[in-house]
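Protein chains in written order, with the working numbering: chain G, 1 to 849; chain P, 850 to 1083.
Note that beta-carbon positions come from the ideal geometry of N, C-alpha and C, so glycine has one too.
This report concerns only the one structure given below.
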C-alpha cells in the first residue's frame, strides 16, 4: 500500500520529534558504535600500515630472493616482467673480503655489501655519520663502514683504505642499516659500497661465493606478497624466497593479532551500542502499546504498524550513523594528535567515502537487527488492550504459542546469521562471525535462563519471607518481578554488554602480555661470536666489570655437527636443492638442558629431565625441509662419533634470540664432550654499546661483536606502540560500553514515573523510594555483572585461543571487580535517572493519565 | 433507510480468560442479532462483560467459543491481519479515552483509517467530517492542543471516515463533563443517522441509553434483558 508509506514516515518522524531527549540517547548509542567503528578502524588501519612499513624495513623490501649465484637471463626476464607490472627491484651483493686500513699491518676480514644507493633501501633508512643521505655520500670511489671497522683499523672518515686491491675513501660511518639482521653474512665487520665499486674490485667473478639478495618493492595494488613470492619461487627454485612477514614472524604475528583484535573491539563497540538501541526501543515500544493498539483497532495490520516503527528505527539509525561518521572522522584525526608523544602518525585530511558508507551500512543494519526483536513483538500486541487494560492477558493455546515461538526463533536465526556475517566481515574471518554469533546466542540463552530463575527465586523468597523483610528491601525485590517490569530485558542487555566489554579488557590484557613477550625489555642487543672455551670465563668477567656485576649473559655453545641420516635415509640421498643443500654440510648446533626463553614449541614436548636423553629439537624451517616431526630420527656425526638422536620437539623462534642462532638444539647428553665455541648475547644500555665494543676489541680481538641494538630498538618500539594502542583503544571502547550500559538502565526511568507517583501519593518519602530502587538496581547490576563476568571469561578464552591463536590464560580475578563495578554503575545511573522523577509533583503525572 | 437485514449475528458467544494460573469466565453464552441501522445500547455493571463483548464484536479479540457474523462475514476464526482489514472497512470505533494518535493533527487522525485501507484523496471527506463536528478551525491542531470534548469529536469524525456500516462506541461520554457529553452524543446520533450506520454503544449511563432503539443489559457475562425502546424489531 504505497499510500501508507508516507503516513508511516510522518508518524515515525513526529514521534521522534515529540520526545527528542529519549531518542537522543538512541542516536548517541548508534553514534558511539559507528564512531568507534569508522574512527578506530580507520585509525588502526593507518596505524597498521605504519607498523607494517616498519616490519618491511627489517627486510628493506616487500619480498627478497636470496641465493649464492647471480641471476640467470631467464630469471632476470621474470624480474623485468614484475617491474613492468609496477614492482621496483634492486640487487644487493654481499661477500667476505679483506680490508687494509691506513697504516695497518694486518688486514681485517669484512663483510662487504654492495647496493644501489639510488634505490636501496625500499623501506627504512641507512643512518650515517655524518647524517647525510646514502646516495649523496656513496659512489664508486667511496665506502661507508661500520663503527667497529673504524675502531678495529684505527681509521677515520676521510681516510683511504684498500679493499679488493682498490683504494676507497671512507665517506661515512654506518650508524644503522634497516636490514642488518636480514643479510646472510652478518658475521664480521661491515662495509657498505656501491655495486660499481664492488665491480671495480673484481671480487665477483664466476664461481665466487657471494650472496645475492634481490629486493622487490611491490606496487600498492595489483600484486600481493604471496603472489609475487609464488612467481619468484617458480623462477628461482633453488633460492630462498621470503616475504617481509618472515623476517620477524613474532612481530608480524603480533601485528596481525593486534589488527584483528582492534577490528573485534570496533565490532563490540557497535554491538554494545546496538544493545543500547534495542533497550531504548524496547522501552519506547512498551510506552507506545496504546498507540499501537489504537492503530490496530481502527484497521491497521501488524505489518503497517511495524512499518511505522521500523521507519523510526531507520531514521534513528540514519541520524546516529551520520553523527557516528562525523564523530569517527573526529576520532581518526584526534588519535594521532593525542598519541603524538608516543609515536608519530601522519594525519591524513580527507574524506574516505567508502569508510563512511561502510559505517552507515553497519549502523543502519545493526540498528535494524537489534530493534527487530521488539519490532516483531508488535504482532503480539492485541488491539483489545485499549478496552481491557487491567485484565490479565489470556494465555493463548499451545498451538498459537508454538507458532509464535517458531516465528520468534526464525527471526532470531535471521538476526544471528546477519550478526555473524557482520562480524565475519569486520573481523575479516568467517570464524570471527561464528564465534560472535555463537557467543551471543549462548549468552542470551544463559542470561535469559538466569533472569527467569532469578525472578522466580525472588517470587518464592517474597512469598516465604517477604513479611519479615524491611519494607524497602521487600518492595525493591518485588519490583523485579512486577508485571510490566523490564528486569529480564535489562538483565539480558546488561549481561551481554558486560560480557563484551569485560572480554575486551581480558583479551587485551592477555594479548598485550603476549605481544610484549615478542620483544621483552632486556632482550640481547649485542651478540658475541666465536668465544673460545678458554676465553669463556674471562669474557664474562670483563663484561661484568665493564657493565656491572648484574649483567646477565646468555651464552650458548656452538658445536659443528654433520647430519648423516634423516629417518634412516642418508642426507646425500635426500632431494635437497639450492639453499636447502646446506643440510648436507656441517651445521652449527647448540645444546640446552631446559627450554630456552623465546622458544615456542609448536609440536611435541621439550625434554623435562634436563637433557639426559639422546634428543634434539628442530626449528620449524629445518623441520619442514627435512620432513621432521616429533619421533623422527636423525643420525649425527662429529669428531668421527656417530650420534643417533630422536626429534623431541619442533619450535619457532625469533631471530633476536640467542637460541635463534641455530636451527638445532640438542640435549647436553647428545653432544657431550664435543669441542664447542661459544656464542653470547647480552642486553647493553645503548650508551654503553660503544664502550663494550672497544674493551672487547682490546682484550679479545678474535671475538666478533655484532651490534643489533638499532634493529632491536625498532622491534621493541613497534611492540610497545602496538601494546599502547591496544590499551588505549580498549580503554576507549570500555568507557563507551560503560556509558551505553549505564544509559540502558537509565532508559527504564519512564516506567518508574507512575510507580513513583503512586508511592508518593500514598505517603512514600523520596528517601524510601530511592532505597526501593537501589535494591532493585543493585540486584540487577550484581547478577548481570556476575553472569557477564562468567560469560566474558569463556568468550575471551575462545577469542584468545581460537581466533587470535594466543596461549594466555584468562583469569577469574577481574570478575568480582566487574560485579562490583556493574552493580555500582547500575545503581548510580539508576539513581541519577530517577533523581528528577523523585522531585516531580504527583499531580503533574496523574493529570496526564 | 432499511433496518430489516441483520448486520450482526451473535450466537453462543463465550469468553474465558486463562492466564495459566486461573480461569475467569467473562461471557457465558451470548446470543443476539442486530438489524442494519439499529442503535443498540449495551448496559451492565462494572465487570459484567460489556466491554469484552464490544471488543469481540469489533474483532479486537477472539471468543473462546461461539460465532459472530458481521455484515454477512463470519469473523470468528479470522486471523489478526484479516480482522484488521474487516475493522478498517466495516467498523468505526469510538473509545472512552478518545485514543487519538498524539503525533498526528486532528485532520491527519481522521484521515488515518482511510490511509490504512490504502485509500487516497480522502482529505475532502476528513475536512467535511471535522466541519460536521464543528472543528473546521481546529483541523491542524494536535490532540494535546484540544480539550477532551474536542478530542472526542475528532474521534467521532475518525470513526465515520471510511463509511463503516457499523459503529461501536465504548463509553464515549464517560470522560466528559455533562455539557460536552451531551454535545458528543448529539453529534454521534446525528452522524449515525446521516451516514446510515448501525450503532452499538456500551454505557452504564441510563440517560444515554435512553436514546437507543434497543437496550441489552448484561449481568455476570449473560444477557439479563434485551428491550426494544421503539418499534424496531430485534
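Min CB distance residue i to chain G below 7 Å
| i | result |
| --- | --- |
| residue 933(P) | yes |
| residue 1009(P) | no |
| residue 898(P) | no |
| residue 994(P) | no |
| residue 962(P) | yes |
| residue 937(P) | yes |
| residue 856(P) | no |
| residue 970(P) | no |
| residue 948(P) | yes |
| residue 906(P) | no |
| residue 1026(P) | no |
| residue 888(P) | no |
| residue 925(P) | no |
| residue 1054(P) | no |
CB of residue i within 7 Å of CB of residue j, strictly
| i | j | result |
| --- | --- | --- |
| residue 850(G) | residue 30(G) | What is shown of chain G runs 1 to 849, which leaves residue 850(G) out entirely. |
| residue 149(G) | residue 115(G) | no |
| residue 38(G) | residue 424(G) | no |
| residue 276(G) | residue 321(G) | no |
| residue 61(G) | residue 311(G) | no |
| residue 853(G) | residue 279(G) | Given that chain G is displayed from residue 1 to residue 849, the structure contains no residue 853(G) and the question cannot be resolved. |
| residue 601(G) | residue 647(G) | no |
| residue 64(G) | residue 316(G) | no |
| residue 305(G) | residue 386(G) | no |
| residue 948(P) | residue 294(G) | yes |
| residue 636(G) | residue 563(G) | yes |
| residue 142(G) | residue 169(G) | yes |
| residue 941(P) | residue 862(P) | no |
| residue 864(P) | residue 901(P) | yes |
Among the options, the one whose alpha carbon lies nearest that of residue i
| i | options | result |
| --- | --- | --- |
| residue 1067(P) | 867(P), 866(P), 889(P) | 889(P) |
| residue 612(G) | 603(G), 296(G), 672(G) | 672(G) |
| residue 318(G) | 143(G), 610(G), 242(G), 359(G) | 359(G) |
| residue 716(G) | 130(G), 288(G), 525(G) | 525(G) |
| residue 801(G) | 500(G), 432(G), 621(G) | 432(G) |
| residue 481(G) | 124(G), 456(G), 495(G) | 456(G) |
| residue 158(G) | 177(G), 152(G), 130(G), 166(G) | 130(G) |
| residue 819(G) | 796(G), 799(G), 794(G), 779(G) | 779(G) |
| residue 913(P) | 876(P), 903(P), 896(P) | 876(P) |
| residue 705(G) | 816(G), 101(G), 110(G), 83(G) | 110(G) |
| residue 797(G) | 712(G), 503(G), 556(G), 472(G) | 503(G) |
| residue 684(G) | 85(G), 553(G), 219(G) | 553(G) |
| residue 722(G) | 33(G), 785(G), 262(G) | 262(G) |
C-beta neighbour in chain P for residue i, strict 7 Å
| i | result |
| --- | --- |
| residue 1(G) | Any answer about residue 1(G) is weak, because its pLDDT of 47 lies below 50 and its placement is not dependable; what the coordinates show is given next. For residue 1(G), the answer is yes, since a Cβ of chain P falls inside 7 Å of its Cβ. |
| residue 18(G) | yes |
| residue 294(G) | yes |
| residue 849(G) | Confidence at residue 849(G) is low in this model, with a pLDDT of 47, below 50, so its placement is unreliable and no value can be given for it. |
| residue 283(G) | no |
| residue 361(G) | no |
| residue 374(G) | no |
| residue 300(G) | yes |
| residue 406(G) | no |
| residue 381(G) | no |
| residue 456(G) | no |
| residue 4(G) | yes |
Residues bridged to residue i [DSSP beta-bridge criterion]
| i | result |
| --- | --- |
| residue 941(P) | 1016(P) |
| residue 617(G) | 649(G), 665(G) |
| residue 637(G) | 562(G), 642(G) |
| residue 113(G) | 94(G), 192(G) |
Cβ distance (whole Å) where residue i is taken to contact residue j below 8 Å
| i | j | result |
| --- | --- | --- |
| residue 1049(P) | residue 879(P) | That belief does not hold up - the Cβ atoms of residue 1049(P) and residue 879(P) are roughly 13 Å apart, past 8 Å. |
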